[in-house]
Amino acid sequence: MKRALITSIVMLGTVLTAQASTLVWNDNQKPPRSDAVAEWALQRDTDICDREAGVQRGYPTAKYKKCMLGRGWTFSHVTKSAPPRSSASVTVYDRDSKDPDVGWHWEGGMRVCRHDCENPEIPGSGYTCRDVQAFGTTMRECVR
């Protein structure tokens, strides 16, 4: 494998028509970074661009691509694959909401929530939610 172009994969946890989407980014750094450093840098850079341009659902927006390009990454493609059946889907809602009108965030030094505060699956709730099987039916279980 050529080290001039390292292809890294980031799972964004999005679900489109019962399939997981994976965004594939190419590393443009010269000289190329090692695989371990590139994976760490990709995670850091996607976290930064998620905050600046919003978490991507499917194909990345032009604003997101520009953000990633400024950090040394070019968008390659999206792959879709069925999620593994043996593992449960786990989501942790520990980040504050970007939208001040929805979810938990800090305001004036106090922790406040706007809209749908009883829902454990909103940003900043601090809950960990996962899919569980009960009586042959998939259900969501959320715990703090």
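Residue numbers (the working numbering): 145 to 288. Backbone N, C-alpha and C define an ideal beta-carbon position, used for all residues, glycine too.
### Message
Distance check for N263 and Y237, CA to CA, integer angstroms please.
### Response
11 Å
### Query
Which full runs of the beta strand (DSSP E) of 3+ residues lie inside the region 156–214, going along the chain?
163–171
### Query
Leaving out five residues before and five after T235 in sequence, what residues of the same chain have Cβ atoms less than 6 Å from its Cβ?
C273
### Nearest residue (CA-CA) to S220, options C211, V287, Y203 and P175
Y203
#### Entry: Beta-carbon gap between D243 and G268 smaller than 7 Å
no
### Task
Within its chain, find whatever has a CB closer than 7 Å to the CB of M283; leave out the 5 residues flanking it on each side and keep chain order.
V276
### Message
Does M254 pass the burial test, meaning 16 or more other C-beta atoms within 10 Å, or should it be called exposed?
### Response
exposed
### Task
Could you give the DSSP three-state label for R239: helix, strand or coil?
coil
#### Entry: Environment of Q187 [buried if 16+ CB atoms lie within 10 Å]
exposed
### Query
Where does G270 land, buried or exposed, given buried means 16+ other C-beta within 10 angstroms?
exposed
#### Entry: Simplified DSSP state of G247, which is helix, strand or coil
strand
### Message
Relative to the C-alpha of A197, which candidate in F279, Y208, N172 and T223 has its C-alpha closest?
### Response
Y208
### Query
Which of the three DSSP states, helix, strand or coil, is assigned to V276?
strand
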